[in-house]
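For reference, the structure is listed below as structure tokens.
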DNA sequence: ATTAGCACTCATCTAGAGAGAGTGCTAACA
DNA sequence: TGTTAGCACTCTCTCTAGATGAGTGCTAAT
């Protein structure tokens, strides 16, 4: 896999990738010699290009067009040629100013992050809020809406608020509900949702619980409340910006892309995968494994606070994306968001 | 404006509109005589069509194409020709089954409604959740996140939950917060947010309040909590379905439409206007006043519960939309949602 | 009033020519 | 032996011209 390229080949591959990123058009031997000062004739460049094509880094759409980088070409470029410059303090500050998190609750922050990512990159911004079940329990409140309908409000350590309506067959008074929430708040604080679930299930199994009406109700109520939250935690911003990209210029391509970006499920999938690893991750084209995003690359990074609630954010753009610009953007934004979330709980 | 058309003209106009809705292509005199049994020759139809064109109901893309209805033509069709059939009980039941509101909280319901509207109409579903300030106060809770950062959770009579983080300069203990929320809950229950705001402002002005620390804090805290909520209350579903419509088949049209549908502000505008009136409303093409939606029509209706929290829902599609199908869909869905919301508070 | 007939218009489709960009190969060159 | 100039070749893209066909508007006959 890690084939060795001569320095000349590397230079030429780099030139091709960069020219292609800039122009979105196949680049020819002539164009390269014109734009870069290799002291080589087009013919020599052609020879190198031919080699690169044999090795699978380049391909040509047809005989008499220039070459375009394959996914493998992009991969190589990103892995070994691309130098991600770090942001200067000034740039960092500027970026930081783009975000206005003042007094925002979680959802607003997520949305705002998406907007800015998309606005700065000119591609589509993607944010996945921390999974609720990865958060730490802080407080639970019950509010009786009507006979048999109870609104459960659940707050995590990070200030993430989740609410849900549950139906119960036996009616409960406000007083009973208060008792129950007091009990749960005392019992569960500081546990992660996974732990809470485990604990609840265990206790419910214990027989002696059955004799304590209040506890029993408390447990079954919170069980219901924490069950199967299917959350829609993905925020997509600036999808229509992608339509400006020449790779999505035909109606078919547009449709396909828009459908894909509308499918939250697909995006959740992708971002979930991103969460498995640390740092900035790059999925190139068919790496993303979904056929409808085959012309797209995804750059993601995770954010988290000390309590371990993990979310992901990123930018999705054409494979021919400006990686050198987007990578530091995603990287620093993730750090920024982590910091903001940590500040929230201090 | 209300020009008089002979019965024959009406019939032909109706035929043209319906054929155009079905085919998206200009309809010619020949096609009409073929498809409908007017006992008329194409030539006679042509004469009528020519008249209709003069009156502004039809236009032709070019000399040798058929005619297509103008917006005025559609308007007339909807106002006087279209018979919106009521849904049969069976259809109503079927529709009702499409929605699964069981145990859903407000946001989920809104989203689900959008999804179903879009799925059934094959156009784009639009839902605007009730404006928060139009809801009725039920309960407020404060949770101390960190030094100076307080999470406010506010619940309306309908079970709508709103949360917000506010920053305060003086720190408050959990006990103090509890006192404050008890006080507010006792004072404010049953008032609409507008009323709550008015009351708070009035009381803050009264001098004697200044001597009661707790009350003062309570008031200023809740003032901060209820201020300037800029909510993003619009749910758009199935935007990409619009790309299947022939009127949006070119890349330019697609881009324009997608941008418009991404602009929540624009949609909020439209739906806000819908709230001003009762019943099903239809905005045809440039009626919508926004240039980027000039090829679209919007069918909306409002939903509400007895407490007066009002939201809107609707379907946005091409002007050449299947009105006879979508109007009852929107109408009945609005009723359905109203009923569900009322059930929530009972 | 209605209709058949006919000339006319205009978009769409097709084929073919020409231009342009870029390649691959070969032979000459340093 | 690596590099380069030259040249034939390929393929896309664009432009033009002609053919096609749908549909109109007008006129004259019924």
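Protein chains in written order, with the numbering used here: chain A, 91 to 436; chain B, 91 to 436.
Don't be surprised by glycine CBs; every beta carbon is placed ideally from N, CA and C.
Everything numeric in this text was worked out from a predicted model, so none of it was measured.
Per-residue burial, residue i [other beta carbons within 10 Å of its own, 16 or more giving buried]
i: residue 296 (chain B); result: exposed
i: residue 344 (chain B); result: buried
i: residue 401 (chain B); result: buried
i: residue 97 (chain A); result: exposed
i: residue 248 (chain B); result: buried
i: residue 91 (chain B); result: Here residue 91 (chain B) scores only 47 on pLDDT, less than 50, and its place in the model is too uncertain to base an answer on.
i: residue 369 (chain A); result: exposed
i: residue 180 (chain A); result: exposed
i: residue 184 (chain B); result: exposed
i: residue 377 (chain A); result: buried
i: residue 446 (chain B); result: Residue 446 (chain B) is absent from the structure shown; chain B starts at 91 and stops at 436.
i: residue 74 (chain B); result: Since the first residue of chain B shown is 91 and the last is 436, residue 74 (chain B) is not available in this structure.
Residues that residue i bridges to, as DSSP identifies them
i: residue 214 (chain A); result: A:406
i: residue 159 (chain B); result: B:148
i: residue 390 (chain B); result: B:371 and B:404
i: residue 253 (chain B); result: B:243
i: residue 327 (chain B); result: B:215
i: residue 117 (chain A); result: A:157
i: residue 282 (chain B); result: B:226
Residue from the options with nearest C-alpha to residue i
i: residue 246 (chain B); options: B:234, B:254, B:227 and B:116; result: B:227
i: residue 267 (chain A); options: A:132, A:389 and A:304; result: A:304
i: residue 427 (chain A); options: A:406, A:96, A:416 and A:393; result: A:393
i: residue 154 (chain B); options: B:223, B:284, B:286 and B:118; result: B:118
i: residue 104 (chain B); options: B:165, B:181, B:405 and B:221; result: B:165
i: residue 277 (chain A); options: A:255, A:312 and A:265; result: A:312
i: residue 136 (chain B); options: B:127, B:122 and B:395; result: B:122
i: residue 337 (chain A); options: A:421, A:113, A:108 and A:429; result: A:113
i: residue 327 (chain A); options: A:210, A:262 and A:302; result: A:210
i: residue 57 (chain A); options: A:181, A:221, A:310 and A:186; result: Past the boundaries of the shown model lies residue 57 (chain A); chain A is included only from 91 to 436, so the question cannot be answered.
i: residue 237 (chain B); options: B:258, B:218 and B:223; result: B:258
i: residue 332 (chain B); options: B:374, B:285 and B:385; result: B:385
i: residue 280 (chain B); options: B:329, B:233 and B:224; result: B:224
i: residue 391 (chain A); options: A:383, A:323, A:187 and A:372; result: A:372
i: residue 188 (chain A); options: A:120, A:204, A:294 and A:347; result: A:204
i: residue 432 (chain A); options: B:239, B:152 and B:215; result: B:239
i: residue 364 (chain A); options: A:173, A:216 and A:129; result: A:216
i: residue 182 (chain A); options: A:419, A:99 and A:353; result: A:419
For residue i, the three-state DSSP class (helix, strand or coil)
i: residue 204 (chain B); result: helix
i: residue 137 (chain B); result: helix
i: residue 91 (chain B); result: Caution is warranted here: a pLDDT of 47 is assigned to residue 91 (chain B), below 50, making its placement in the model unreliable, and the coordinate value is therefore given only provisionally. If DSSP states are grouped into helix, strand and coil, residue 91 (chain B) belongs with coil.
i: residue 309 (chain B); result: helix
i: residue 150 (chain A); result: coil
i: residue 174 (chain B); result: coil
i: residue 244 (chain B); result: strand
i: residue 236 (chain B); result: strand
i: residue 52 (chain B); result: Here chain B has residues from 91 to 436 only, and residue 52 (chain B) is not among them.
i: residue 273 (chain B); result: helix
i: residue 428 (chain A); result: helix
i: residue 131 (chain A); result: coil
i: residue 229 (chain A); result: strand
i: residue 167 (chain B); result: helix
i: residue 353 (chain B); result: coil
i: residue 364 (chain B); result: helix
i: residue 110 (chain A); result: helix
i: residue 223 (chain B); result: helix
i: residue 189 (chain A); result: coil
i: residue 268 (chain B); result: helix
i: residue 437 (chain B); result: Residue 437 (chain B) lies beyond the residue range present for chain B, which begins at 91 and ends at 436; the question has no answer from this structure.
i: residue 335 (chain A); result: coil
i: residue 97 (chain B); result: helix
Cβ-based neighbour list, residue i, same chain, cut-off 8 angstroms, excluding 5 preceding and 5 following
i: residue 157 (chain B); result: 106, 116, 117, 118, 139, 142, 143, 148, 149 and 150
i: residue 253 (chain B); result: 241, 242, 243 and 244
i: residue 230 (chain B); result: 242, 243, 244, 245, 271, 274, 275, 278, 312 and 315
i: residue 160 (chain A); result: 146, 147, 148 and 149
i: residue 250 (chain A); result: 196, 219, 220, 222, 225 and 399
Residues near residue i by beta carbon distance below 6 angstroms, same chain, minus five either side
i: residue 282 (chain A); result: 226
Proximal residues to residue i (C-beta, below 7 angstroms), its chain only, five neighbours per side dropped
i: residue 269 (chain B); result: 304
i: residue 201 (chain B); result: 325
i: residue 290 (chain A); result: 309, 312 and 313
i: residue 265 (chain A); result: none
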